[in-house]
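First the structure, in the form of structure tokens, and then the observations on it.
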Amino acid sequence: MAKKAEVKELLEAGVHFGHLTRKWNPNMAPYIYMERNGIHVINLYKTVAKLEEANEALSKIAASGRKILFVATKKQAKDIVAEKVSNVNMPYITERWPGGMLTNFVTIRKAVKKMASIDRMKKDGTFMTLSKKERLQVDRLRAKLEKNLGSISEMTRLPGALFIVDTMREHIAVKEAQKLNIPIFAMVDTNSDPRPINYVIPSNDDASKSIDVILTEVTNAIAAGLEERKSEKQSEKEGGTEETTAKAETAVIEKAEEEKVAVVKAPKEEKAETVVEKDAPKQTKEDIAPVTEKKEKAAVKKTAKVDSDNLTKIEGIGPKAAEALTKAGIDSYAKLAKVNAEKIKEVLTEASSRMAHLDPDSWPKQAKMAADGNWDELKDWQDKAKGGVEKL
């Protein structure tokens, strides 16, 4: 576990300096210690407590395998964020927040794929078949994409959390994360509103020293989470190898014992089979027909059950949402009833950002009624419910 931040260390870095008193946000009052020379002073004891809380949460997210997107486009923070965050292999935005980065993630991914296709062109020689002017245009496009999206090229899904330096400057990122219910961690100064932030770290977000010391603590916590994940995977792998070896040895012993038993009992069993065959009455077509008919009916019944699980019968699920759920393996009422709304929201958002507005809170409840065959109860519920219809 990374060492905890100390008040003295934060004090030396100037983390306690806030903004002018006339520029303050009243919602930051709980984190302000005093006013001195017209400037608010942040309570560093609360900063330490909040930083520890944020670090613990970030460590858990990193240990779960999810990515944490860092956002800092101000001049003082750019280089610090790029250096610190690249050490823990996390994505970051330091140039300009591309509008729709989260809410229109599918389009952003297309731009990243375009960058990858240009790299492939250069490797396979296709790039050299272009004219000089076209090569120049492609190079400029590649440089632009690298500048804006290079750090998120490996981010194939929406991040597990956002870490923001200066929430007032990155207000668009805050709104997008709020819309998609993505947890927000942020350095919040005395002129900012802490209410939309899930994990507030009250601190000076203008001084490079202050940003450096906070980012150091945060990235150390993430590194600890990644190390924990790595050790867990290693132990699982070793445990799995030992288990596989033990199973293989058991199987060999059991097989050897079965072969011994078979050699001893083979003559008697052969004789018994001969007697049974001799005494057993022959089966006629009339005996076989009912059995075959039963099997066919069972097969038809099973097929009918699969076809009856039409997810669009659930209020709020349209054809596109049903298709996304089916692709994710949620293809029946019973499965949908067991999935929580948060997981459904994540599946829909990853399939298409245009479905991020759908509210799946009632879907498991409706699916439970459908799975139990309570169609009348489901219809009554849907008649009383309002909204929830997919609009794409």
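According to my numbering, the residues represented by the sequence shown are -4 to 387, in order.
No residue lacks a Cβ here, since even glycine has one placed at the ideal position from N, Cα and C.
Values in this document were obtained by computation on a predicted structure and should not be read as measured data.
I'd like to check one pair, V10 with N199: are the Cβ atoms closer than 8 Å? Position 204 of the sequence shown, counting from 1, holds the residue named residue 199. Position 15 of the sequence shown, counting from 1, holds the residue named residue 10. Yes, these two residues count as a Cβ contact at 8 Å.
Would you mind working out which of L353, A366, D201 and R130 sits nearest T68, comparing C-alpha positions? Within the sequence shown, numbered from 1, the residue matching residue 68 stands at position 73. Checking every option, the nearest Cα to that of T68 belongs to D201.
With distances taken from CA atoms, which of R137, V101 and G94 is nearest R115? For the purposes of this step, residue 115 is taken as the residue at position 120 of the sequence shown. The residue with the shortest Cα to Cα distance from R115 is R137.
Following a CB-centred definition, is K228 positioned closer than 7 Å to any heavy atom of the ligand MN? Because no ligand of any kind appears in the structure shown, any question about the ligand MN cannot be addressed here.
Quick one: any contact between the stretch 122 to 132 and the stretch 164 to 184, if contact means 3 or more CB pairs under 8 Å? no
If you follow the alpha helix (DSSP H) that F12 is in, where does it begin and where does it stop? Along the sequence shown, read from residue 1 onward, the residue named residue 12 stands at position 17. Premise fails: F12 lies in the beta strand (DSSP E), F12 to L15, not in any alpha helix (DSSP H).
Secondary structure of A275, DSSP reduced to three states: For the purposes of this step, residue 275 is taken as residue 280 along the sequence shown, with counting starting at 1. For A275, the pLDDT reaches just 46, beneath the cut-off of 50, and the residue's location in the model is therefore unreliable, although a value from the coordinates is still provided. Correct three-state label for A275: coil.
Any alpha helix (DSSP H) of 4 or more consecutive residues that is wholly inside the stretch 156 to 180: 166 to 174
Would R91 and N143 qualify as a contact pair, given that the criterion is a beta-carbon distance under 8 Å? As a first step, residue 91 is located in the sequence shown; it is residue number 96 there, counting from the start. As a first step, residue 143 is located in the sequence shown; it is residue number 148 there, counting from the start. Going by C-beta atoms, R91 is nearer than 8 Å to N143.
Quick one: give me the first and last residue of the alpha helix (DSSP H) that L53 is part of. Residue 53 sits at position 58 when you count from the first residue of the sequence shown. Segment L39 to A58, the alpha helix (DSSP H) holding L53.
With distances taken from CA atoms, which of A366, K360, S348 and E372 is nearest L175? Taking the sequence shown and counting its residues from 1, the one referred to as residue 175 is at position 180. The option with the nearest alpha carbon to L175 is S348.
Is E212 closer than 8 Å to L15 when the C-beta atoms are compared? Here residue 15 refers to the residue found at position 20 when the sequence shown is read from its first residue. Here residue 212 refers to the residue found at position 217 when the sequence shown is read from its first residue. In this structure, E212 does not lie closer than 8 Å to L15 by Cβ.
Q377 to T344, Cα distance in whole Å? As a working mapping, residue 377 is identified with position 382 in the sequence shown. As a working mapping, residue 344 is identified with position 349 in the sequence shown. Approximately 24 Å, taken between the alpha carbons.
Limits of the beta strand (DSSP E) - the one that E30 falls within: Walking along the sequence shown from the start, residue 30 turns up at place 35. Unbroken beta strand (DSSP E) run through E30: I27 to R31.
Quick one: Cα of I325 to Cα of L331, how far? Working through the sequence shown from its first residue, we reach residue 325 at position 330. Working through the sequence shown from its first residue, we reach residue 331 at position 336. Between I325 and L331, the C-alpha separation is close to 6 Å.
Beta carbon of V172 nearer than 8 Å to that of V195: By one-based count along the sequence shown, residue 172 stands at place 177. By one-based count along the sequence shown, residue 195 stands at place 200. In the sequence under discussion, the amino acid at residue 172 is Ala, which differs from the Val named in the question. Going by C-beta atoms, A172 is not nearer than 8 Å to V195.
From K228, G220 and K338, pick the residue whose C-alpha is nearest to that of V83; which is it? The residue given as residue 83 occupies position 88 in the sequence shown. Checking every option, the nearest Cα to that of V83 belongs to G220.
How is V334 classed by DSSP in three states: helix, strand or coil? In the sequence shown, residue 334 corresponds to position 339, counting from 1. Here V334 sits in coil by DSSP.
Considering only the beta carbon of each residue, do Y328 and A366 sit closer than 8 Å? Counting from 1 along the sequence shown, the entry for residue 328 is found at position 333. Counting from 1 along the sequence shown, the entry for residue 366 is found at position 371. A contact, by the Cβ cut-off of 8 Å.
Taking the alpha-carbon of D356 as reference, which of S230, I312, E141 and K70 has the nearest alpha-carbon? Numbered from its first residue, the sequence shown carries residue 356 at position 361. Nearest option by C-alpha distance: I312.
When the Cα atoms are used, what is the spatial distance from F122 to E141? What you label residue 122 is simply residue 127 of the sequence shown in a count that begins at 1. What you label residue 141 is simply residue 146 of the sequence shown in a count that begins at 1. Computed Cα separation, rounded: 18 Å.
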